[in-house]
Amino acid sequence: MEMKQEIDVLDFEDIERFNEDYFLTQKPVVIKGLADQKVAGKQWNIKYFKEKAGDLEVSVFDNTNKKSAKSAFTSPDLKMNFGDYLSIIQKDETTDLRIFGMRISKELPQLNSDFPCPSIFEGMLQNLGLMFFGGKNTTVRIHYDIDMSNVLLTHFGGKKKVVLVAPEYTNLLYCLPYCTYSLINLDKLDFVKYPGLKFIKTYECTLNHGDSIFMPSGYWHYMTYLEGSMSVSYRKLSPSIKTNLRGLMNITLLMPFDKLMGKTLGAKWLAAKENIAQKRADKAIRNLSFS
Numbered sequence: 001m002e003m004k005q006e007i008d009v010l011d012f013e014d015i016e017r018f019n020e021d022y023f024l025t026q027k028p029v030v031i032k033g034l035a036d037q038k039v040a041g042k043q044w045n046i047k048y049f050k051e052k053a054g055d056l057e058v059s060v061f062d063n064t065n066k067k068s069a070k071s072a073f074t075s076p077d078l079k080m081n082f083g084d085y086l087s088i089i090q091k092d093e094t095t096d097l098r099i100f101g102m103r104i105s106k107e108l109p110q111l112n113s114d115f116p117c118p119s120i121f122e123g124m125l126q127n128l129g130l131m132f133f134g135g136k137n138t139t140v141r142i143h144y145d146i147d148m149s150n151v152l153l154t155h156f157g158g159k160k161k162v163v164l165v166a167p168e169y170t171n172l173l174y175c176l177p178y179c180t181y182s183l184i185n186l187d188k189l190d191f192v193k194y195p196g197l198k199f200i201k202t203y204e205c206t207l208n209h210g211d212s213i214f215m216p217s218g219y220w221h222y223m224t225y226l227e228g229s230m231s232v233s234y235r236k237l238s239p240s241i242k243t244n245l246r247g248l249m250n251i252t253l254l255m256p257f258d259k260l261m262g263k264t265l266g267a268k269w270l271a272a273k274e275n276i277a278q279k280r281a282d283k284a285i286r287n288l289s290f291s
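Heads up: the sequence shown begins at 1 in full-length UniProt numbering, then just goes up one per residue.
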């Protein structure tokens, strides 16, 4: 990576600055204290979830599933008891098991009022609260959200490392066409295979219990759980109509097309996409040399 940029930190006392200084300008920021006065900020930890929802059956993803790692259309790898899963991530041991995108209102309705959508993110999508769980060193591959929404992610119960990359570096990240993810591994950077990575600037931070991070539309994010813990995300449409239309196109046209081609051509389709991603990155590098 070329350079790590400092990410702004906004205290809750200054939250009135959020809309003008960060949302409208589409600039990432860490927010402190957003959850302090909510039940979640005061009580959420692994023990609390065991007590409130430990008997629930949940869908779990396994990062060791190599087939899922190269597909945009991942589905859960197994079902298990929520309490048993929480016991796994509670241990100070590395695990590849994670829960991704659990709908709070549907699967954890009894906790809906613990952390409702913050007022700064209210809008058409305010009821779409999603939960994410992981254990020590559990990672979530680098991607940007397909619907191009803004994301407000609040973390609870431990520490989580977040790496953000601005949309302007999409080609240098070797983004696969018709997809919103890349096959690069930010923990094992290969500058020989992916020389474009040398020119990318990142934002990096560690979220502690109760910290929130604003991720603007189209921002790439790579997450690593440093401890067994959980996050809640809320979404808000972009202030740009063009960006919202792109998100709609991603969902209604590009994603179905990619899925169809993947089923039809299999590995050949992935190879073709990797080749296109390589050519786009090479072109971006050449353009940098002339700028």
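Quick reminder that beta carbons are idealized off the backbone N, C-alpha and C, glycines included.
The structure displayed is predicted, hence computed values, not measured ones.
Residue i vs residue j beta-carbon contact at 7 Å
i      : j      : result
Asn45  : Gly157 : yes
Pro28  : Ile7   : yes
Pro177 : Ile276 : yes
Phe49  : Phe100 : no
Glu227 : Lys136 : yes
Leu128 : Arg235 : yes
Thr23  : Leu56  : This sequence places Phe at residue 23; Thr is not what is there. Not in contact: Phe23 and Leu56 (Cβ atoms no closer than 7 Å).
Asp77  : Asn63  : no
Contact set for residue i: own chain, Cβ-Cβ below 7 Å, skip 5 residues either direction
i      : result
Asn112 : Ile104, Ser105
Tyr181 : Ala72, Arg141, Ile142, His143
Arg246 : Met148
Leu34  : Phe12, Pro118, Thr154, Ser212
Contacts around residue i, its chain only, beta-carbon distance under 6 Å, and the 5 residues preceding and following it disregarded
i      : result
Ser217 : Met148, Asn150, Ser238, Thr243
Tyr222 : Ile142, Val163, Leu186
Met102 : Met131
Ser233 : Leu130, Val151, Leu153
Arg98  : Phe61, Gly134, Thr138
Thr206 : Lys159, Lys161
Asp114 : Val39, Ala40
Thr94  : Lys136, Asn137
Pro116 : none
Lys263 : none
Pro167 : Gly218
Simplified DSSP state of residue i, which is helix, strand or coil
i      : result
Asp92  : coil
Tyr219 : coil
Met3   : strand
Tyr174 : coil
Asp8   : strand
Asn287 : helix
Asp62  : strand
Gly262 : helix
Contact set for residue i: own chain, Cβ-Cβ below 8 Å, skip 5 residues either direction
i      : result
His283 : According to the sequence as given, residue 283 is Lys; it is not His. Excluding positions up to five away in sequence, the list reads Asn171.
Ile285 : Leu172, Pro195, Gly196, Phe199
Tyr85  : Val58, Val60, Leu97, Ile99, Phe133
Met80  : Glu57, Val58, Val60
Gln278 : Tyr174
Gly54  : Asn81, Phe82, Gly83, Leu86
Rounded Cβ spacing between residue i and residue j (contact assumed at less than 8 Å)
i      : j      : result
Lys52  : Gln90  : Wrong, their Cβ atoms sit about 15 Å apart, outside the cutoff.
Ala281 : Tyr174 : 5 Å
Asn208 : Ile120 : Incorrect: roughly 20 Å between the Cβ atoms, too far for contact.
Ile146 : Ile251 : 6 Å
Cys179 : Asp258 : 6 Å
Val165 : Tyr219 : 7 Å
Cutoff 7 Å: residue i Cβ touching any chain B Cβ
i      : result
Leu111 : In summary, chain B is missing from the structure at hand, where a single protein chain is found.
* Continuous alpha helix (DSSP H) assignments of at least 4 residues falling wholly in the segment 12-56 -> If we require 4 residues or more, the alpha helix (DSSP H) runs fully inside the segment 12-56 come out as 39-43, 46-53.
* To do: Go through the UniProt domain "JmjC" (106-253) residue by residue and report every complete run of the beta strand (DSSP E) that reaches 3 residues or more, in order.
  => Runs found: 130-134, 139-143, 150-156, 160-165, 201-207, 212-215, 220-225, 229-236.
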